[in-house]
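>
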Amino acid sequence: MNNKLEMARQFIKSIPHSQDLGMDLLKMADGMAIITMPYNINLIGDPETGVISGGAVSALIDTCCGAAVMSHPLNLGGTATIDLRIDYMRPATPGQTIKTEANCYHITRSVAFVRATAIDDDPDNPVATATGAFTVESSG
Amino acid sequence: MMSPKISETALQRRSDALNALVDSIPYIQYLGVRFNPQNDRLTAFLPFNKKLIGNPIKPALHGGVTVAFLEVTAMITLNWFYLNDETAYENLDFKKIRAGWFLKLPKTIDFSVDYLRAGLPEDAYARAHIIRSGRRYASVHVEGWQNSKEKLFAYATGHFVLPQRPLE
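Residue numbers (numbering that gives the first Met the number 0), protein chains in the order written: chain A, 0 to 139; chain G, 0 to 167.
(1) Go ahead and pull the three-state DSSP assignment for residue 77 (chain A).
(2) So, with DSSP's three-state summary, where would you put residue 28 (chain G)?
(3) Check each candidate in G:17, G:24, G:160 and name the one with the smallest Cα separation from residue 80 (chain G).
(4) In angstroms, rounded to a whole number, what distance separates the CA positions of residue 65 (chain A) and residue 103 (chain A)?
(5) Just the Cα atoms here: how many angstroms apart are residue 83 (chain A) and residue 112 (chain A)?
(6) Is there at least one Cβ from chain A nearer than 8 Å to residue 121 (chain G)'s Cβ?
(7) Compare the beta carbon distance of residue 152 (chain G) and residue 104 (chain G) with 8 Å and say whether it is the shorter of the two.
(8) In chain order, what residues of the same chain have a beta carbon less than 7 Å from the beta carbon of residue 37 (chain A), not counting five sequence neighbours either side?
(9) Would you list, in sequence order, the uninterrupted alpha helix (DSSP H) runs of no fewer than 4 residues that lie entirely inside the stretch 1-60 of chain A?
(10) Just to confirm, is the Cβ distance from residue 13 (chain G) to residue 46 (chain G) under 8 Å?
(11) By alpha-carbon positions, which one of G:159, G:38, G:70, G:61 ends up nearest to residue 11 (chain G)?
(12) Helix or strand or just coil, what does DSSP make of residue 86 (chain G)?
(13) So for residue 161 (chain G), helix, strand or coil by DSSP?
(14) Could you please tell me which residues of the stretch 89-108 of chain A, in chain order, have their CB closer than 7 Å to any CB of chain G?
(15) How big is the Cα-Cα spacing for residue 149 (chain G) and residue 70 (chain G)?
(16) Closest to residue 77 (chain G) by C-alpha separation, out of G:135, G:145, G:144, G:143, would be which residue?
(17) Throw me the rounded Cβ distance for the residue 75 (chain A) and residue 136 (chain A) pair, which I believe falls under 8 Å.
(18) I'd like to confirm the pairing. Which residues does DSSP put opposite residue 36 (chain G) in its beta bridges?
(19) At the level of alpha carbons, what is the spacing between residue 73 (chain G) and residue 40 (chain A)?
(20) Opposite residue 72 (chain G) in the DSSP bridges: which residues?
(21) Could you check the C-alpha separation between residue 150 (chain A) and residue 50 (chain A) for me, to the nearest Å?
(22) Using the Cβ count rule (16 or more neighbours within 10 Å means buried), how would you classify residue 98 (chain G)?
(23) How far does the alpha helix (DSSP H) with residue 16 (chain G) in it reach, from first residue to last?
(24) Can you tell me which of G:143, G:160, G:161, G:25 puts its alpha carbon nearest to the alpha carbon of residue 41 (chain G)?
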C-alpha cells in the first residue's frame, strides 16, 4: 500500500462520525474515492426487514464525495458540501457491506461537481446514486 | 391536522404511538433524535454528541449527520400525521407495538439537501412541512437550525412512497 493512500485512510479514521460508522477508505486519488461501510444493526432504519436507514447510506455518500473532492489536484485544501441529491433505487440487502464510489467529474476555482454510486453485493443494481456540488479552495 | 377539541386521552395515545414508532427504529436511537409534538407541529431534536462530528479541526457536524437528521424528521413527520388521523386508531394495538410489531414507514425516493452553513458542535432542531401528501406519494420540505431558528444551517426537499396500510 502506498504512503499517500495510508495518509488518506488515517484522515478518514480521524473523522469521528465516519469512524463510528466503520467506514474504510479503499481508494482516494485524483478526484476519485471509494469507501465501504459494513452492515451494522445500529443503523437499521426499517426494523421489520433489517434494512439499513437511508440516512446512514447518505452519510457514507457525503463522506465519499468529500474525499473525492479533497483528492483532486486542483483543490488545495478541504471541502464542504454545498448541495447533495440522493436517489434511492432499492433497499440495501441486510448483512451486506455498502461500497460507494465518488467521482469529481468537473472542477472550477470555486466549485467541484461530483457523482456517486452506492452498491452492495449486487453491483449491477445500485442501491443509490447521488450528485452534488462541493466547495473548492484554490490559490486564485 | 389536530382540532382544538382533542381529548387528553387522544393526545396521550398519539404521544404513545409516536414514542413506540421512534423507539422501534435503531438508527434513530443511534443518532439520538427525539421528537416533540406541539399541537399540529412536530419538532425533531438532535442532542450534540462527539460521534456526530465530521470535521475534528473546526469542529463541525458531519454533513452525513445533517442529511440523515433531516431525512428521519421527514419520515417520522409523515407517519405522525398518519397517526393523528383518528380513524387510524381503530386498528391500533399498542400491546402489539410494544411486542415488536412495527408501523410501516414511508420509503425515500430521493432526498436533496442544501447546506447553508457549517453545522456547529451543538444541539440541532428540525421541522418538516408536508407540501403534498397524496394516496401514494408525498413531497416534504425540511428545515434544520441550531442556536437560532432564523438562521437555518440546512434545508432539504424529499419525495416518498407512502405505505399503503401502515398499521397492518
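For each residue, glycine too, the CB sits at the ideal point set by N, CA and C.
Owing to the predicted nature of the structure, the values given are computational and were not obtained by experimental measurement.
Let me lay it out:
(1) Reading the first sequence from its first residue, position 78 is the one you call residue 77 (chain A). Note: residue 77 (chain A) maps to coil in three-state DSSP.
(2) Position 29 of the second sequence, counting from 1, holds the residue named residue 28 (chain G). It is helical.
(3) Locating residue 80 (chain G) in the second sequence gives position 81, counting from the first residue. When each option's Cα is compared against that of residue 80 (chain G), the closest is G:17.
(4) Against the first sequence, residue 65 (chain A) aligns to sequence position 66. Against the first sequence, residue 103 (chain A) aligns to sequence position 104. Rounded to the nearest whole angstrom, the CA to CA distance from residue 65 (chain A) to residue 103 (chain A) is 9 Å.
(5) Here residue 83 (chain A) is taken as the residue at index 84 of the first sequence, counted from 1. Here residue 112 (chain A) is taken as the residue at index 113 of the first sequence, counted from 1. Approximately 10 Å between the Cα atoms of the pair.
(6) Translated into positions along the second sequence, residue 121 (chain G) becomes position 122. Taking 8 Å as the CB threshold, residue 121 (chain G) stays off the interface with chain A.
(7) Walking along the second sequence from the start, residue 152 (chain G) turns up at place 153. Walking along the second sequence from the start, residue 104 (chain G) turns up at place 105. Residue 104 (chain G) is positioned such that its CB atom lies no closer than 8 Å to that of residue 152 (chain G).
(8) Translated into the one-based positions of the first sequence, residue 37 (chain A) becomes position 38. Result list for residue 37 (chain A): 21, 96, in chain order.
(9) Within the stretch 1-60 of chain A, the complete alpha helix (DSSP H) runs of at least 4 residues are 2-12, 15-19.
(10) Your numbering for residue 13 (chain G) matches position 14 in the second sequence. Your numbering for residue 46 (chain G) matches position 47 in the second sequence. It is not a contact, given that the beta carbons lie outside the stated cut-off.
(11) Your numbering for residue 11 (chain G) matches position 12 in the second sequence. Minimum Cα distance to residue 11 (chain G) is reached at G:38.
(12) Taking the second sequence and counting its residues from 1, one reaches residue 86 (chain G) at position 87. Below a pLDDT of 50, predicted positions are generally treated as unreliable, and residue 86 (chain G), at 49, falls in that range; the measurement from the model is reported next regardless. Helix, per DSSP.
(13) As a first step, residue 161 (chain G) must be located in the second sequence, where it is residue number 162. The three-state reading of DSSP puts residue 161 (chain G) in coil, since its state is none of H, G, I, E or B.
(14) From the stretch 89-108 of chain A, no residue has a Cβ closer than 7 Å to chain G.
(15) Here the question's residue 149 (chain G) lines up with position 150 in the second sequence. Here the question's residue 70 (chain G) lines up with position 71 in the second sequence. In a straight line, the C-alpha of residue 149 (chain G) is about 21 Å away from that of residue 70 (chain G).
(16) As a first step, residue 77 (chain G) must be located in the second sequence, where it is residue number 78. Cα-wise, what sits closest to residue 77 (chain G) is G:135.
(17) In the first sequence, residue 75 (chain A) corresponds to position 76, counting from 1. In the first sequence, residue 136 (chain A) corresponds to position 137, counting from 1. Indeed they touch by this definition, with Cβ atoms about 5 Å apart.
(18) Counting from 1 along the second sequence, the entry for residue 36 (chain G) is found at position 37. Paired residue(s): G:41.
(19) The count along the second sequence starts at 1 and reaches residue 73 (chain G) at position 74. The count along the first sequence starts at 1 and reaches residue 40 (chain A) at position 41. Residue 73 (chain G) and residue 40 (chain A): Cα-Cα distance of roughly 22 Å.
(20) Here residue 72 (chain G) corresponds to residue number 73 of the second sequence, with the count starting at 1. None, per the DSSP bridge assignment.
(21) Because chain A here runs from 0 to 139, residue 150 (chain A) falls outside it and cannot be looked at.
(22) Translated into the one-based positions of the second sequence, residue 98 (chain G) becomes position 99. Unreliable placement is indicated for residue 98 (chain G), whose pLDDT of 49 sits below 50; the coordinate value is still reported in the next sentence. Burial is judged here by how many other beta carbons sit within 10 angstroms of a residue's own beta carbon; residue 98 (chain G) has fewer than 16 and is exposed.
(23) As a working note, residue 16 (chain G) is residue 17 in the second sequence. Counting along the chain, residue 16 (chain G) sits inside the alpha helix (DSSP H) bounded by residues 7-22.
(24) Your numbering for residue 41 (chain G) matches position 42 in the second sequence. Looking at G:143, G:160, G:161, G:25, the one whose alpha-carbon comes closest to that of residue 41 (chain G) is G:143.
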